[in-house]
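This report concerns only the one structure given below.
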Amino acid sequence: MTERITKWPGVELSAADLNEGKVTQTRFRPNAKYAWSAGEAMSRFLAELQNGRLIARTCRSCKRILFPPRMFCEVCFRPTDEWTYIQDTGTIETFSISYLDTDAKRIPDPILVGVVSLDGASPKMGMMHYFGDMTKDEIRIGMRVKAVWKPWEERRGSVLDIRHFGPLRKDAK
Amino acid sequence: MTFLERTTDARRFRQWEGNVEADYIYTSGVAGERFFVALRDDGKMLASRCTACGLDYLPPRLFCEDCFLELTEFVDVPPEGRVAAVTMAHLDRRGTPMSRPQVWAFLTFEGIRGGLVHRLLVPPAKARVGLAVRAKLKARGDRVGAITDIEGFEPVRS
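This is the structure we're talking about:
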């Protein structure tokens, strides 16, 4: 309320008033079911994630390797041509140190999120994901990273089949 | 591959299923509350009266549509009304065909502006405009303060 207004006009009702049936009311739940299709390219992309691989589409006209894959080249205005696998290593393009979790709840230990451009795809093409196995002080733009995959039995054909991208170490295979 | 060669069967693809939880609670409002409480407790219908225009509103409004006066006076709606328009429903609310059509009508009352849409409790062949009807209410204990406290409208003389 403000200095001049201590009570708004109208009838104030609390949740308890409604739940106790103090006033007559109509309750309704609409039958608002939906199915959201991932489409042709993204469905294959998700299926390949479950296999622990990243797949892209090539366009013969502009010679680009499009990732995430799409069935239509937005530069050439023509259908793309072939499937091709790319690597699960890449470079951090941009990142954010987030003190909010996915529910926008405040958290003391920040999560690291950002965009990684992937090796084997055309420059600057990649995906958004979590970064891990590094601190907020260590993360840098240009840092080399590699996907850390969930074990096979935990994969669901989701982008979270990759747990996060962690530092690519020279000694690693 | 051209676009015309593409599959049109979306079930081939991965998909997410969900349900938009858009629940709502719709209160009757000040005038509506008077109407439904009177219907539930006293088994009668109320109209709100504009003393300036001499108009009675059904369903009751809080303000006069003609002069914008706030309406605080309520009067009883005459028990007997007339069918002003009639239609047959062959599908239920979900669009499923019903074994027997339902008769729905717009009902008006002498001297009252407005009216009610409700079930007409007559066989389809007997449904006609001008029929004199009255509300058939549920028993007092079954009434909850909703428009369904009225089971429907039945002919005054059958």
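Protein sequences, first through last, are from chains A and B.
Residues in the first sequence are numbered from 7 upward in steps of one, following this note's numbering.
Residues in the second sequence are numbered from 901 upward in steps of one, following this note's numbering.
Heads up, the beta-carbon is just placed ideally off N, CA and C, and yes, glycines get one too.
Tell me which same chain residues have a C-beta within less than 6 Å of the C-beta of residue i, skipping the five on either side of it?
{"i": "T100(A)", "result": "G120 and V121"}
{"i": "G58(A)", "result": "W155"}
{"i": "Q93(A)", "result": "D125 and G126"}
{"i": "A1027(B)", "result": "V986, V1003 and L1020"}
{"i": "H938(B)", "result": "Looking at the sequence itself, residue 938(B) is Ala, so the reference to His does not match. Around A938(B): K944 and L946."}
Just checking my contact of residue i with residue j at CB under 8 Å: how many whole Å lie between their CB atoms?
{"i": "G1030(B)", "j": "V983(B)", "result": "6 Å"}
{"i": "C967(B)", "j": "A952(B)", "result": "5 Å"}
{"i": "E980(B)", "j": "R949(B)", "result": "Incorrect: roughly 19 Å between the Cβ atoms, too far for contact."}
{"i": "R1043(B)", "j": "R934(B)", "result": "The Cβ separation is near 15 Å, so there is no contact."}
{"i": "V151(A)", "j": "T95(A)", "result": "7 Å"}
{"i": "P1055(B)", "j": "V1003(B)", "result": "Contact flag wrong, Cβ pair sits at about 11 Å."}
{"i": "F1009(B)", "j": "P978(B)", "result": "5 Å"}
{"i": "A38(A)", "j": "V920(B)", "result": "4 Å"}
{"i": "P116(A)", "j": "S104(A)", "result": "6 Å"}
{"i": "E917(B)", "j": "A21(A)", "result": "Between A21(A) and E917(B) the Cβ distance is about 30 Å, and since that is not below 8 Å, they are no contact."}
Look up residue i in the DSSP assignment and say whether it is helix, strand or coil.
{"i": "W1004(B)", "result": "strand"}
{"i": "G148(A)", "result": "coil"}
{"i": "M77(A)", "result": "coil"}
{"i": "F935(B)", "result": "helix"}
{"i": "I1047(B)", "result": "helix"}
{"i": "F101(A)", "result": "strand"}
{"i": "A922(B)", "result": "coil"}
{"i": "F51(A)", "result": "helix"}
{"i": "A41(A)", "result": "strand"}
{"i": "V930(B)", "result": "helix"}
{"i": "L19(A)", "result": "coil"}
{"i": "G190(A)", "result": "Chain A is shown only over 7 to 179; residue 190(A) falls outside these bounds and no answer can be derived."}
{"i": "Q93(A)", "result": "coil"}
{"i": "R112(A)", "result": "strand"}
{"i": "R70(A)", "result": "coil"}
{"i": "E46(A)", "result": "helix"}
{"i": "G1041(B)", "result": "helix"}
{"i": "R33(A)", "result": "strand"}
{"i": "R911(B)", "result": "helix"}
In its own chain, which residues sit with a C-beta less than 8 Å from the C-beta of residue i, not counting the 5 before and 5 after it?
{"i": "L72(A)", "result": "A62, R63, T64, C65, C79, T86, A127, S128 and M131"}
{"i": "F963(B)", "result": "L969, E970 and L971"}
{"i": "G163(A)", "result": "L52, A53, L55 and Q56"}
{"i": "G138(A)", "result": "L118, V154, R169, H170, F171 and G172"}
{"i": "D976(B)", "result": "K944, M945, L946 and A947"}
{"i": "G148(A)", "result": "T97 and I98"}
{"i": "P75(A)", "result": "A47, M48, R50, F51, I61, A62, R63, T86 and W89"}
{"i": "V29(A)", "result": "L19 and D23"}
{"i": "P1001(B)", "result": "M988, A989, H990 and P1024"}
{"i": "G932(B)", "result": "P959 and P960"}
{"i": "K1036(B)", "result": "L1021, I1050, E1051, G1052, F1053 and E1054"}
{"i": "R146(A)", "result": "I98"}
Would you check whether the ligand SAH has a heavy atom nearer than 6 Å to the C-beta of residue i?
{"i": "A938(B)", "result": "The ligand SAH is absent from the structure shown, which contains no ligands of any kind."}
Which residues in the same chain as residue i place their Cβ atom closer than 7 Å to its Cβ, once the five residues preceding and following it in sequence are excluded?
{"i": "A44(A)", "result": "L52"}
{"i": "D167(A)", "result": "L55, Q56, W155, K156 and R161"}
{"i": "F1006(B)", "result": "A984, A985, G1015 and V1017"}
{"i": "V1060(B)", "result": "Given that chain B is displayed from residue 901 to residue 1058, the structure contains no residue 1060(B) and the question cannot be resolved."}
Handout entry: At least three beta-carbon pairs within less than 8 Å, the segment 78-85 of chain A to the segment 132-149 of chain A
Key = Under the 8 Å Cβ criterion, the segment 78-85 of chain A does not count as touching the segment 132-149 of chain A, having fewer than three qualifying pairs.
Problem - Three or more C-beta pairs below 8 Å linking the segment 1016-1034 of chain B and the segment 985-1004 of chain B - result: Judged by Cβ distances under 8 Å, the segment 1016-1034 of chain B makes contact with the segment 985-1004 of chain B, as three or more pairs qualify.
Problem - Stretch-stretch touch, CB-based, cutoff 8 Å, three pairs: the segment 957-971 of chain B with the segment 61-72 of chain A - result: No: fewer than three Cβ pairs fall under 8 Å.
Exercise for the section: Counting only runs of 3+ residues fully inside the segment 939-964 of chain B, write out the beta strand (DSSP E) ranges in chain order. Expected result: The beta strand (DSSP E) runs of length 3 or more contained entirely in the segment 939-964 of chain B are, from start to end of the chain, 946-950 and 955-958.
Exercise for the section: Report the residue ranges of all beta strand (DSSP E) runs contained in full by the segment 150-175 of chain A; include only those spanning at least 3 residues, in chain order. Expected result: Complete beta strand (DSSP E) runs here, min 3: 150-155 and 168-173.
Problem - Stretch pair the segment 921-928 of chain B + the segment 31-40 of chain A: three plus CB contacts closer than 8 Å - result: Contact holds: three or more Cβ-Cβ distances are below 8 Å.
Handout entry: Cβ pair count under 8 Å reaching 3, the segment 1041-1051 of chain B against the segment 992-1006 of chain B
Key = Not touching, per the Cβ criterion.
Exercise for the section: Write down every uninterrupted run of the beta strand (DSSP E) in the segment 965-1034 of chain B whose length is 3 residues or greater and which is fully enclosed by it, in chain order. Expected result: As summarised for the segment 965-1034 of chain B, the continuous beta strand (DSSP E) elements at least 3 residues long and confined to that stretch are 973-976, 980-991, 997-1008 and 1016-1019, given in chain order.
Practice task
Pull out every residue of the segment 30-42 of chain A whose Cβ sits closer than 9 Å to any Cβ of chain E, in chain order.
Solution key: Given the protein chain composition of this structure (A and B), no chain E is represented.
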